[in-house]
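Input: a single structure, listed below in structure tokens.
In UniProt numbering, the protein residues as written are 1 to 131.
Given below as structure tokens:
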């Protein structure tokens, strides 16, 4: 049985606007692997050059994004206004060494290395519930 799904007009307008703004972008390829002493994240995004990927860590979340120019005038050499385009977000385990995360670009992809802090790994504590 097929159900007809009704999508509100404002959501369709937002989708159309975002698709236009993002230029109909393709989905990024994000792969996460764990080695003995680190997590490795490989990110590949079609049409995104080496210097465009931005990364921020906030509250144990790695946010990958690119700044897209908006409202650029033809006579301007560089855009003055930007809007972030989220590439992906990764929740980081508590035992990742946030201070020593590194990234480099090679072979048309970014490699992000997130070392594991062995002192924080494996923490476990039982909490008794008061009744």
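Backbone N, C-alpha and C define an ideal beta-carbon position, used for all residues, glycine too.
What does residue i pair with, by DSSP beta-bridge criteria?
i	result
residue 64	55, 88
residue 40	33, 113
residue 69	82
Taking only three categories from DSSP, how would you classify residue i?
i	result
residue 100	helix
Out of the options, point me to the one whose CA is closest to residue i's CA.
i	options	result
residue 67	125, 59, 51	51
residue 117	92, 88, 30	92
residue 64	90, 49, 104, 99	90
residue 57	29, 99, 126, 38	99
residue 37	119, 115, 128, 54	115
Do you know how far the Cα of residue j is from the Cα of residue i?
i	j	result
residue 60	residue 48	25 Å
residue 131	residue 94	30 Å
residue 124	residue 70	48 Å
residue 32	residue 39	7 Å
If we count Cβ pairs, one from each stretch, closer than 8 Å, do we get three or more for the stretch 41-59 versus the stretch 96-113? yes
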